[in-house]
Each structure stands twice: as structure tokens, then as C-alpha cells.
Amino acid sequence: QVQLVESGGGLVQAGGSLRLSCVASGRIFPINAMGWYRQAPGKQRELVAQIMWIGNTNYADSVKGRFTISRDNAKNTVYLQMNSLKPEDTAVYYCKGTFTVYSRDYWGQGTQVTVSS
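The numbering used here numbers the first residue of the sequence shown as 356 and each following residue consecutively.
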């Protein structure tokens, strides 16, 4: 039905940048929203950033001013540009999609982001 595939994670030094990508495929239209969540070891999964398909965005307070979520409609892709990374940003980052035709959310497999101090 729906497949979300993340990429772009990796190891980076504190202060560095990474860009995550999430490509959606399958029967995905209309799209309500897509977002990025993260889960660090021993912690609950938390919202990082979300973009509504009409354009509204919202961010966790901890990433405001450092991360930017955006989308490319033609490529069915959502991006998360992460700048000024901190060790506390280390986590597995997951893409989530909410689609009108389905009663459930869809998740990607996750991509590891590790920020060294």
C-alpha cells in the first residue's frame, strides 16, 4: 500500500550538518502530513518536525532554528535539513506519513544519526 524509505543518516561531528530524505510510494494521495520523529536509546519516540501538505510546519522546541523540514511534491519526498547538530540529536530518525485514504499512519524503517562530541 504505502512504502516510506529514509536515507541520509550517518556519523557527524557536533556542529555539522546532515540532510535526511524520505521517499513515499504506493497509493499515497491525498497526503495529509508527513513528519520526522526520533528515538534515542531508552527514550520514547518524539516528534522532530512535521509538514502539512497545505504547507504548515511545526517543530520540536529543541530543534527550532537548527532543523528545517521541506518537501518536493514532484518526487514525493520529504527532507529534514539538520544543521548545528548536537550529541543529544543522536537517535534513530523515522519518517511518518498520514494519508487520507487510510485509517492508520505509516512509518519508515528508520535511519541512524550519530553526532560525536
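Ideal Cβ placement from N, Cα and C applies to all residues, glycine included.
Presumed contact (8 Å Cβ cut-off) between residue 360 and residue 463, rounded CB distance: The residue labelled residue 360 in the question sits at position 5 within the sequence shown. The residue labelled residue 463 in the question sits at position 108 within the sequence shown. At roughly 6 Å, the Cβ-Cβ gap stays under 8 Å, so residue 360 and residue 463 are in contact.
Residue 345 and residue 400 closer than 9 Å at C-beta: Since the first and last residues shown for the chain are 356 and 472, residue 345 lies out of range.
Which of helix, strand or coil DSSP assigns to residue 398: Taking the sequence shown and counting its residues from 1, one reaches residue 398 at position 43. Of the three classes helix, strand and coil, the one that applies to residue 398 here is coil, per DSSP.
Host beta strand (DSSP E) of residue 376 (start-end): Position 21 of the sequence shown holds residue 376. Its beta strand (DSSP E) spans residues 373-381.
Own chain residues within Cβ distance below 7 Å of residue 363, not counting five before or after: As a position in the sequence shown, residue 363 is number 8, starting the count at 1. Scanning its chain for C-beta atoms nearer than 7 Å, with the 5 sequence neighbours on each side dropped, one finds around residue 363 the residues 373, 374, 375, 376, 466, in chain order.
Assumed close pair residue 471, residue 368 - CB separation to whole angstroms, cut-off 8 Å: As a working note, residue 471 is residue 116 in the sequence shown. As a working note, residue 368 is residue 13 in the sequence shown. Contact holds; Cβ gap of about 5 Å.
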